[in-house]
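Heads up: the structure comes next, in structure tokens.
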DNA sequence: TATTTGATAGTTTTGTTAAAAAAGTCAGGA
DNA sequence: TCCTGACTTTTTTAACAAAACTATCAAATA
């Protein structure tokens, strides 16, 4: 028996999927509600039946992506025993996440200064998720005697994620303090792995 | 005997100083050439006798600031024996530099995407200066056996400076990927000191 | 009653133009 | 060579209309 609520959820899912494809392809400002509706062969008005407005639709898609990202992170991190591997896996997954959805984040790149609160909440949730998983990894690593005991593992992880975030290309330093260019992501990724190496050693016994 | 060139330099210096004060107080776009001239009790046309245009004047002031910053760094870093202290001194000096000139950098903050090439060159020079001093510190530290031998000290320092740059406040992670707010600078500074602590340990024997 | 739509209302973006303000030039004076 | 007042050119700002898009709603469908 498929309830009404189920049906609505299915429909919503379909809309989210179509919206995601459009946003990914054209970016937020260049996709119109008409196009999304067109891709689904439904009327624009119906989109407004399921979602209050365009930005809420975008936020819903973002929320879904964030959830999937965290789930993927969670599934695999728990199985990792080595602390360094945990960080490497985090960085790799994060890297793929950014690369695969690069255009989707146009909205965030362009509105950096004035993002809706919900987006910051999602970003905050992702960060908290990452910090949670990695600080657990630190705690258990400390318990195994692999690294020194750590007073506040969350603080350490938070700092490390900031540091990784700061890694940029081309010695420009301040330059491109904003979102990195797509073509630089791989170089950044390599540098991050080196940073992990040194940072982990800095925590060791 | 004061030569013509000397006299010109003195005049230029006066202009740079007055321009610096105006830029620091009002930011680039809100200070007019008339105001700068007025502060010096000279005509606007004279400014154009000494400097080709407004942006070149701003760039000249920036260049002067950068030079002073690097000189200060150089004077004191050479006397420091401990590697960690060298990094701490760098971060402290950098912190003061940003705090003291915060409004002056309005121009850079607002035009991040489209800065004149000369500004990037100055930023690059600052970075190279920092990397030079700190990689020397690393090399001599390695020679003393304080840390492990390092293949490419410049690469390590570059990475470290990127990481320090990435340190932000409020767990927001991505948020304020742009220039940090003035009121956050102190918290950032504290985090950076912690990062230095761990990073240096990671390099140690 | 839940879902859907065409028509339409309301808002934002884009393009145009004119006035104001600031940047930048120059002939001529000390 | 240094300096200025008057002048020209460029940029910014404001106002406004047209176009594009978002968002709403009464009515149709199932």
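Residue numbers (this note's numbering), protein chains in the order written: chain A, 46 to 250; chain B, 46 to 250. In this text, a Cβ means the ideal position worked out from N, Cα and C, and glycines have one as well.
Suppose the cutoff is 7 angstroms on Cβ atoms and the five residues either side in sequence are ignored; what does the same chain contact list for residue i look like?
| i | result |
| --- | --- |
| residue 184/B | 198 |
| residue 160/A | 153 |
| residue 203/B | 176 |
| residue 179/A | 131, 132, 135 and 202 |
| residue 76/B | 67 and 68 |
| residue 151/A | 72 and 73 |
| residue 111/A | 167, 170 and 171 |
| residue 61/B | 105, 106 and 109 |
| residue 186/A | 128 and 192 |
| residue 59/A | 85 |
| residue 80/B | 67 |
Might you give, ordered along the chain, the residues of its own chain that have their beta carbon closer than 6 angstroms to the beta carbon of residue i, omitting 5 neighbours on each side?
| i | result |
| --- | --- |
| residue 114/A | 142 |
| residue 108/A | 167 |
| residue 102/A | 64 and 96 |
| residue 54/A | none |
So is the beta-carbon of residue i under 8 angstroms away from any non-hydrogen atom of the ligand NAP?
| i | result |
| --- | --- |
| residue 159/A | Within the structure as shown, the ligand NAP is missing, as the structure has no ligands at all. |
Should residue i be flagged as near chain A, meaning a C-beta pair shorter than 9 angstroms?
| i | result |
| --- | --- |
| residue 218/B | With a pLDDT of 42 at residue 218/B, under the threshold of 50, the modelled position of that residue is not reliable, and the figure given next carries that caveat. Output row for residue 218/B: interface = yes. |
| residue 60/B | no |
| residue 210/B | yes |
| residue 174/B | no |
| residue 232/B | no |
Please check if any C-beta of chain B sits within less than 9 angstroms of the C-beta of residue i.
| i | result |
| --- | --- |
| residue 244/A | yes |
| residue 46/A | For residue 46/A, the predicted model reports a pLDDT of 49, less than 50, meaning its position is unreliable; a value from the coordinates is still stated below. False, the Cβ-Cβ gap to chain B never drops below 9 angstroms. |
| residue 201/A | yes |
| residue 247/A | yes |
For a contact meaning CB atoms closer than 8 angstroms, what does residue i contact in chain B?
| i | result |
| --- | --- |
| residue 236/A | 204 and 207 |
Pull up the distance between the alpha-carbon of residue i and that of residue j, whole angstroms please.
| i | j | result |
| --- | --- | --- |
| residue 210/A | residue 156/A | 19 angstroms |
| residue 218/B | residue 171/A | The predicted model places residue 218/B with a pLDDT of 42, which falls under 50 and marks its position as unreliable, so this point remains unresolved. |
| residue 238/A | residue 69/A | 28 angstroms |
| residue 88/B | residue 243/A | 57 angstroms |
| residue 247/A | residue 205/A | 12 angstroms |
| residue 124/A | residue 95/A | 39 angstroms |
| residue 236/A | residue 129/B | 22 angstroms |
| residue 195/A | residue 234/B | 21 angstroms |
| residue 165/B | residue 98/B | 18 angstroms |
| residue 52/B | residue 106/B | 18 angstroms |
| residue 220/A | residue 182/A | For residue 220/A, the predicted model reports a pLDDT of 47, less than 50, meaning its position is unreliable; a value from the coordinates is still stated below. Using only the alpha carbons, I get a separation of about 34 angstroms. |
| residue 146/B | residue 147/A | 35 angstroms |
| residue 188/B | residue 158/A | 47 angstroms |
| residue 78/A | residue 144/A | 25 angstroms |
Leaving aside the five residues before and after residue i along the sequence, list all residues of the same chain whose C-beta is less than 8 angstroms from its C-beta, in chain order.
| i | result |
| --- | --- |
| residue 117/A | 138 |
| residue 174/A | 115, 118 and 119 |
| residue 208/A | 240 and 244 |
Just to make sure I have the definition right: I need the residues of chain A whose C-beta is within less than 7 angstroms of the C-beta of residue i. Which are they?
| i | result |
| --- | --- |
| residue 239/B | 204 |
Considering residue i, what are the terminal residues of the alpha helix (DSSP H) in which it resides?
| i | result |
| --- | --- |
| residue 152/B | 151–155 |
| residue 194/B | Neither: residue 194/B is in no alpha helix (DSSP H) and is coded neither H nor E. |
| residue 140/B | 128–145 |
| residue 109/B | 99–122 |
| residue 78/A | 78–84 |
| residue 92/B | 89–95 |
| residue 166/B | 162–188 |
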